[in-house]
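*Asks:* When the letters of the sequence shown are read in order and numbered with numbering that gives the first Met the number 0, they come out as residues 0 to 306. For reference, the structure I am asking about is given below.
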Amino acid sequence: MKAGGGRLVRSDGRDIRLTSLDKTYYPKTGTTKGEVVRYYTQIAPFLLPHISGRPLNLKRYPEGVEGPMFYQKSCPDHRPEWLPTVDVPHSDRPGETRHCTVETLADLLWLVNLGDLEVHPLPWKRGAFARPTHVVFDLDPGPGASLSACCRVALLLRRVLSDLGLPSYAKTSGGKGVHVLAPVGGGPSSETTSRFARTAAQALERVMPDAVTSNMRKELRPGKVFVDWSQNAAHKSTVAPYSLRARDRPSVSTPITWDEVESGLERPERLVFGPDAVVERVERHGDLMTGVLEPGPPLPEWARRGV
């Protein structure tokens with residue numbers, strides 16, 4: 000039903016007023032806010048398990064991808080009383096910031112209506128501050144490197160993690176990179192997962208010094224894949240599986256099989272997915288990253304001891 004220039008929808012027993020649904024969010028393709036809302040409504044059964052109970056860093060594009068973007072950690076004061084929140088201790092001073100989180104489609108749609116185009120959860124859940132559920136590696140190609148180079152590094156990283164007894168799962172970044180996630184058990188601290196990820200990234204760099212860097216200095220990245228281990232910090236966020244990205248064209252951070260990663264060595268263009276393709280994929284295959292939702296093995300003892 001219409002309500003004051005918008006559309007009033009009811010979901011999970013909540014009323015959400017969706018506004019400006021005809022606004023163009025992706026000018027290159029003419030994709031509207033209404034189409035973004037439709038995608039998130041369709042993908043919610045697969046997205047929500049990956050973000051439920053996790054604090055979110057909001058990345059808002061109220062005028063679309065070519066308009067101003069602003070980054071917001073604090074959940075808006077005008078939020079409905081039913082929207083769940085998580086209090087996150089500040090990293091550099093006393094006190095807390097109240098972050099939004101989501102449990103239901105209604106929660107998600109309220110945030111999407113604000114222009115929160117990308118979904119960025121922190122690596123831990125409510126009640127377990129700085130106790131991440133997984134380790135994440137963000138493989139980011141520098142100038143002159145490519146998605147196929149990221150696939151090559153991802154396959155080596157998978158071997159390294161497997162040798163340590165850790166299963167791993169891959170997804171596209173929705174841009175030119177690849178994200179590799181390894182679920183972990185035992186409640187490690189963010190310091191432990193960060194230290195482990197950094198050590199693994201440095202090992203990759205030693206094996207492939209001409210193709211990999213674990214150093215954050217941008218002048219070292221041309222022609223190489225930067226293995227960003229820093230996303231494991233307690234206050235850092237990584238784009239969620241199935242989240243849209245704010246690129247020229249609507250693309251999605253998409254879970255992929257390791258066979259698809261291998262095929263990306265020769266045909267990286269096959270690893271670029273739009274929202275319609277992702278909806279079709281989950282209808283055929285389900286959630287290829289469901290393994291991340293279960294606790295994995297504990298990290299190696301040397302990582303837990305800080306050796």
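Here a beta-carbon is modelled for each residue, glycine too, at the ideal position from N, C-alpha and C. Just so it is clear, the structure is predicted and the values come from calculations on it, not from any experiment.
Measuring CB to CB, does residue 106 end up less than 9 Å from residue 224?
*Replies:* Their beta carbons are not under 9 Å apart, which means residue 106 does not touch residue 224 by this criterion.
*Asks:* Could you compute how far the alpha carbon of residue 94 sits from the alpha carbon of residue 128?
*Replies:* Each residue's alpha carbon lies about 14 Å from the other.
*Asks:* Among the residues of its own chain, which have a CB less than 6 Å from the CB of residue 42, if the five just before and after it don't count?
*Replies:* Taken in chain order, the residues that qualify are 241.
*Asks:* Let's see if you can read the secondary structure: which residues bound the beta strand (DSSP E) around residue 59?
*Replies:* Unbroken beta strand (DSSP E) run through residue 59: 55 to 59.
*Asks:* Closest to residue 268 by C-alpha separation, out of 13, 25, 100, 148, would be which residue?
*Replies:* When only C-alpha atoms are compared, the closest one is 148.
*Asks:* Is residue 17 closer than 9 Å to residue 108 when the C-beta atoms are compared?
*Replies:* It is a contact, given that the beta carbons lie within the stated cut-off.
*Asks:* Specify, as a first and last residue, the run of the beta strand (DSSP E) that residue 5 falls within.
*Replies:* 5 to 10 is the extent of the beta strand (DSSP E) around residue 5.
*Asks:* Starting from the C-beta of residue 35, find all residues in its chain whose C-beta is less than 6 Å away, skip the five residues before and the five after it, and write them out in chain order.
*Replies:* Excluding sequence neighbours, residue 35 sits near 24.
*Asks:* Straight-line CA distance for residue 14 to residue 118?
*Replies:* Straight-line Cα distance between these residues: approximately 21 Å.
*Asks:* On the three-state DSSP scale, how would you describe residue 180?
*Replies:* Three-state DSSP puts residue 180 in a strand.
*Asks:* Note the first and the last residue of the continuous alpha helix (DSSP H) segment covering residue 194.
*Replies:* Its alpha helix (DSSP H) spans residues 189 to 206.
*Asks:* Once DSSP output is grouped into helix, strand and coil, what is the label at residue 229?
*Replies:* Residue 229 falls in the helix class under three-state DSSP.
*Asks:* On a CA-only basis, which of 5, 222, 72 is nearest residue 59? Give me that one, please.
*Replies:* Nearest C-alpha to residue 59: 72.
*Asks:* Counting Cβ pairs closer than 8 Å, one from the segment 168 to 180 and one from the segment 203 to 222, do we hit at least three?
*Replies:* Contact fails: fewer than three Cβ-Cβ distances are below 8 Å.
*Asks:* For residue 210, which of helix, strand or coil comes out of DSSP?
*Replies:* Residue 210 falls in the coil class under three-state DSSP.
*Asks:* Might you give, ordered along the chain, the residues of its own chain that have their beta carbon closer than 7 Å to the beta carbon of residue 300, omitting 5 neighbours on each side?
*Replies:* None.
*Asks:* With burial defined as no fewer than 16 other Cβ atoms inside 10 Å of the residue's Cβ, what is the status of residue 291: buried or exposed?
*Replies:* Per the 10 Å Cβ criterion, buried.
*Asks:* Among 21, 302, 274, which has the Cα closest to the Cα of residue 246?
*Replies:* Residue 274 is the option with its Cα nearest to residue 246.
*Asks:* Within 10 Å of its beta-carbon, does residue 7 have 16 or more other beta-carbons around it, so buried, or fewer, so exposed?
*Replies:* Exposed is the call here.
*Asks:* Measuring only the C-alpha atoms, how far is residue 281 from residue 45?
*Replies:* Approximately 8 Å between the Cα atoms of the pair.
*Asks:* Could you please give me the residues that DSSP links to residue 169 through a beta bridge?
*Replies:* Its beta-bridge partners are 179, 255.
*Asks:* Mind reading off the beta-carbon distance from residue 50 to residue 171? Whole number of angstroms is fine, and I expect it under 8 Å.
*Replies:* In fact, because the Cβ distance is near 18 Å, the residues do not count as touching under 8 Å.
*Asks:* Quick check on the burial criterion: 16 or more other C-beta atoms within 10 angstroms. Buried or exposed for residue 9?
*Replies:* It counts as exposed.
*Asks:* When DSSP labels each residue in this structure, what does residue 98 get in the three-state scheme?
*Replies:* If DSSP states are grouped into helix, strand and coil, residue 98 belongs with the strands.
*Asks:* Quick test of your reading: residue 213 and residue 197, contact by CB under 8 Å. State the CB separation rounded to the nearest angstrom.
*Replies:* Contact holds; Cβ gap of about 7 Å.
*Asks:* Quick one: which unbroken beta strand (DSSP E) runs of 3-plus residues sit fully inside the segment 86 to 160? Chain order, please.
*Replies:* For the segment 86 to 160, whole beta strand (DSSP E) runs of length 3 or above, ordered along the chain, are 95 to 99, 115 to 120, 133 to 140.
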